[in-house]
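A quick write-up on the structure given underneath.
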Amino acid sequence: MQCCKGQGPQAPDPTVSGVDLSLLIPVLEKYKSKPGSLITILQKAQDLYGYLPIDVLDYVASETGIKPPNVYGVATFYTQFRLKPIGKYLIMLCMGTACHVNGASAIEDAICDELKIVDGETTEDNLFTLNNVACLGCCSLSPVMMINGETHAKLTPDKARKILREIRKQDQLETGKEATS
Amino acid sequence: MRIVVGQGSCGIAAGATKVSTALENEITQRNLPVSLELTGCCGTCYLEPVVDIYDEHNEKTTFVMVTPDMAGELIDIALEGKTPVETQIISAEDMEAQAKQKKVALRNAGSINPEDINDYLAVDGYKAIEKVLTTMSPTEVIEEIKISGLRGRGGAGFPTWFKWNAAYQQKESPKYMVCNADEGDPGAFMDRSVLEGDPHGIIEGMLIGGYAIGASEGIFYVRAEYPLAIKRLEIAIEQAREKGFLGKNILGTGFDFDLWIKAGAGAFVCGEETALIASLEGERGMPRLKPPFPAQKGYWQKPTNINNVETLANVPWIFRNGGAAFAAMGTELSKGTKVFALTGKIKKGGLVEIPMGLSLREVIFDIGGGILDDKAFKAVQMGGPSGGCIPAQLLDTPVDYESITKTGAIMGSGGMVVMDETTCMVEMARFFLDFTRKESCGKCIHCRMGTKRMLEILTRITDGKGKEGDIELLEELCEKVKEGSLCALGGTAPNPVLTTLQYFRDEYEAHIYEHKCPSHQCTHLLTYTISEEACRKCGICARNCPTDAISGSKDVVYVIDQDLCIKCGKCKTVCPFKAVDVD
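Protein chains in written order, with our numbering: chain V, 169 to 349; chain F, 20 to 602.
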């Protein structure tokens with residue numbers, strides 16, 4: 169556990185996001201009367217909004233009757249929950265033992281250098297977010313990273329850079345197409 | 020004819036889905052009477068993607084490291100009897116390594132389709148629960164588990180019958196049966212593999228446990244990082260309900276039992292029973308003092324029994340083959356088999372299941388094929404952040420709970436991370452402390468602050484700023500953290516430090532007193548120099564140096580300015596004449 173004195177990446181984003189809270193109504197209807205469902209509600213909320221903005225946390229607190237500090241407590245305790253928006257592509261870089269032994273830190277250096285961000289940050293163009301995670305369970309293929317659910321195995325620093333460049337290129341092609349159509 | 024593609028998370032990561040799609044296209048295009056199926060992980064992760072082709076006589080040929088463009092060729096081989104190239108099929112040596120294993124928990128993973136209950140039924144699935152419900156009383160069930168000698172496979176190795184009996188003895192109701200699938204140990208993935216490859220096996224284990232303790236509700240607490248495991252469990256639960264193996268009045272015996280899944284949200288400490296219960300209740304996963312044990316006061320203060328995935332995977336086998344058959348395998352105190360995730364600097368990484376009592380050497384060298392690039396074996400890390408590093412001189416240690424504990428490591432959930440001569444043991448200890456420091460829930464001061472201070476000291480040592488007295492300070496902190504922590508996370512957090520200090524103290528001393536990292540891993544302690552004899556004055560190193568620390572010319576041998584050098588190692592990588600030395 170790290171204390172960030174309210175300043176670290178785990179600190180709730182103080183700005184109100186203004187997201188559409190009504191999207192959460194069906195989730196709350198289903199779970200709010202079921203005791204012990206706070207984690208599930210927050211997971212569903214994160215699926216909806218991509219992260220947990222402070223107004224969503226407050227809304228969950230007021231609707232469920234759970235005190236706001238307890239909601240924040242749970243939202244900041246578990247690593248799955250994000251309090252800040254993420255980029256279009258979420259890179260989950262495995263930092264498990266096997267990946268570590270097989271050079272995960274060199275992969276991290278390459279990604280950080282390529283994207284000019286560090287663990288927990290998002291690129292300026294909101295395309296990539298880097299999250300170091302404990303273990304993805306693909307130890308025999310280490311080092312690995314998962315980008316939006318797709319696992320990339322047996323990485324080398326160059327291979328990692330190439331994957332990121334390809335995603336960026338592909339994304340530009342797709343968004344370019346959308347813009348022209 | 021059947022073609023089966025191994026599609027566990029690891030197989031998919033290696034490209035199995037693309038292979039399956041390519042095969043499907045080929046089959047549709049040629050309009051062939053071939054069925055294409057999926058299965059879980061067969062354990063040979065180093066050979067992924069793996070494709071099994073069964074001919075009309077159900078004879079299996081295993082193809083390894085298959086790529087999508089091999090699809091056409093594979094179909095040719097299967098249909099026209101074309102002889103495969105030797106490299107395409109599994110080697111005799113790999114078959115031999117498989118034969119040395121004994122698959123109990125992994126009996127179906129990699130052979131049946133986990134998304135089809137009929138496949139499980141075809142291998143006598145749900146026969147064990149039928150036997151239990153129709154012919155045995157709860158106490159007889161517990162007695163059979165006692166005979167088998169089954170112990171918890173999640174780490175501590177507590178006798179399973181004892182836990183079941185404790186929950187059975189409780190008068191209060193309702194009772195809960197929980198499956199701990201919060202496999203958080205970095206470097207272990209057997210639970211994921213079993214859930215993905217044989218979900219019905221675990222459901223059957225839960226049913227038997229539920230019947231034994233008198234529960235009618237079961238919960239799977241699964242790590243959120245395992246989406247495929249959750250998906251396959253959901254499918255399996257649904258199918259089991261449809262077939263009447265879950266729900267009311269199961270098999271007409273009057274026994275009610277149903278299951279639901281709770282996805283964890285990412286906290287290592289939730290592997291601890293009381294923390295897991297807090298998390299199930301929607302709270303922060305913080306452990307509490309025991310007693311009362313979960314068997315007395317667990318989920319919603321009701322009697323609760325928690326078993327690990329692999330433990331439950333063994334249960335149906337025990338009831339089909341008898342507790343005595345299980346107890347016949349293994350050692351005096353550690354019965355049966357155990358699954359290990361063999362990873363790190365190993366040639367044949369993957370999942371292996373062996374009878375307890377085999378030596379570490381047999382597992383790592385005979386089954387695992389030895390060390391990658393034939394480097395020297397240095398240590399094997401067992402038990403993850405709660406375990407320790409076992410050195411080369413103890414390679415003949417038998418793999419059982421007692422013997423492993425004697426080395427200072429623990430059996431843990433079965434992670435075996437192999438390290439070679441290039442792995443720095445101080446850095447390894449630092450890595451684990453970094454993990455436990457992040458994962459400490461913060462409740463106990465010794466764990467919260469102690470791990471932080473230990474990490475600071477270890478970081479200092481690997482940065483080359485270690486001081487005299489650091490080792491002694493570490494040892495003192497280790498003792499205090501062990502004593503002052505409520506749960507096993509803090510209680511075992513010092514183990515990686517203690518075992519590396521016990522077996523590799525010279526490495527710590529070299530870092531502190533000689534400012535050297537014997538494994539050449541800690542960059543701050545490295546010195547790069549250019550050999551006068553070997554340098555051909557080409558200047559490639561100087562052009563690639565990011566800090567312009569290298570000077571020279573075509574007449575003068577190149578030299579590195581140590582004050583400017585950031586020890587990135589680029590010069591060593593680019594030098595075509597191997598003239599850059601590192602020490």
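By construction, the Cβ of each residue, glycine as well, lies at the ideal position given by its N, Cα and C atoms.
Residue 300 of chain V is a Cβ neighbour of residue 261 of chain V, given a cutoff of 8 Å. Fully contained in the region 92 to 124 of chain F are the following alpha helix (DSSP H) runs of length 4 or more, in chain order: 111 to 118.
In the DSSP assignment, the residues bridged to residue 301 of chain V are V:262. CA-to-CA, the gap between residue 275 of chain F and residue 235 of chain F works out to about 6 Å.
A distance of 8 Å or more separates the beta carbons of residue 199 of chain F and residue 278 of chain F. For the region 302 to 323 of chain V, the beta-carbon criterion of a distance under 9 Å to any beta-carbon of chain F is satisfied by 302, 303, 304, 305, 306, 307, 308, 309, 310, 312, 314, 317, 318, 319, 320, 321, 322. Taking the Cβ atoms as the reference, residue 477 of chain F lies roughly 7 Å from residue 445 of chain F, within the contact range of under 8 Å. Taking the Cα of residue 452 of chain F as reference, the smallest distance to any Cα among F:517, F:418, F:425 is reached at F:517. Using a CB distance cut-off of 8 Å, residue 230 of chain V does not count as an interface residue toward chain F.
At a cut-off of 8 Å between C-beta atoms, residue 598 of chain F does not count as an interface residue with respect to chain V. For residue 268 of chain F, the uninterrupted beta strand (DSSP E) run begins and ends at 266 to 269, by DSSP.
Residue environment analysis places residue 400 of chain F among the buried positions, since at least 16 neighbouring C-beta atoms fall within 10 angstroms of its C-beta.
For residue 206 of chain V, the nearest beta carbon of chain F is closer than 8 Å to its own beta carbon. Per DSSP, reduced to three states, the secondary structure at residue 507 of chain F is helical.
Per DSSP, residue 397 of chain F lies in no alpha helix (DSSP H) segment; the continuous beta strand (DSSP E) that holds it begins and ends at 396 to 401.
Taking 7 Å as the upper bound on Cβ-Cβ separation, chain F lies near residues 241, 242, 245, 246, 247, 248, 249 of the region 240 to 262 of chain V. Spatial neighbours of residue 39 of chain F in its own chain (CB-CB distance under 6 Å, excluding positions within 5 residues in sequence) are listed in chain order as 24.
Neighbours of residue 303 of chain F in chain V, taken as residues at a C-beta separation under 7 Å, are given in chain order as 241, 242, 245. Of all C-beta pairs linking the region 318 to 332 of chain V to the region 449 to 463 of chain F, fewer than three are shorter than 8 Å, placing the two stretches out of contact. Residue pairing by DSSP places residue 578 of chain F opposite F:570 in a beta bridge. Contact note: residue 366 of chain F does not reach chain V at a C-beta cutoff of 7 Å; the least C-beta distance is about 11 Å.
Counting other Cβ atoms within 10 Å of its Cβ, residue 197 of chain F reaches 16 or more and is therefore classed as buried. Under the 10 Å beta carbon count, residue 318 of chain F is surrounded by 16 or more other beta carbons and is classified as buried.
Secondary structure at residue 139 of chain F: helix, using DSSP grouped into helix, strand and coil.
Out of F:228, F:108, F:95, the CA that lies nearest to the CA of residue 155 of chain F is found in F:228. Here residue 201 of chain F is buried, its C-beta having at least 16 other C-beta atoms within 10 Å. Spatial neighbours of residue 408 of chain F in its own chain (CB-CB distance under 6 Å, excluding positions within 5 residues in sequence) are listed in chain order as 398, 400, 518, 519. Secondary structure at residue 56 of chain F: strand, using DSSP grouped into helix, strand and coil. DSSP places residue 329 of chain V within a helical segment (H, G or I) once states are collapsed to three. Going by DSSP, residue 80 of chain F is part of the beta strand (DSSP E) stretching over 79 to 82. Residue environment: residue 600 of chain F is assigned as exposed (fewer than 16 neighbouring CB atoms within 10 Å of its CB, all protein chains considered).
Residue 174 of chain F sits away from residue 504 of chain F, with the two beta carbons spaced by 8 Å or more. At a cut-off of 8 Å between beta-carbon atoms, residue 468 of chain F makes no contact with chain V. Following the DSSP letters along the chain, one finds residue 366 of chain F in no alpha helix (DSSP H), marked with neither H nor E. Of all residues in the region 283 to 301 of chain F, the ones placed with a Cβ closer than 9 Å to any Cβ belonging to chain V are 283, 284, 285, 286, 287, 289, 298, 299, 300, 301, in chain order. Collapsing the DSSP output to three states places residue 467 of chain F in a helix.
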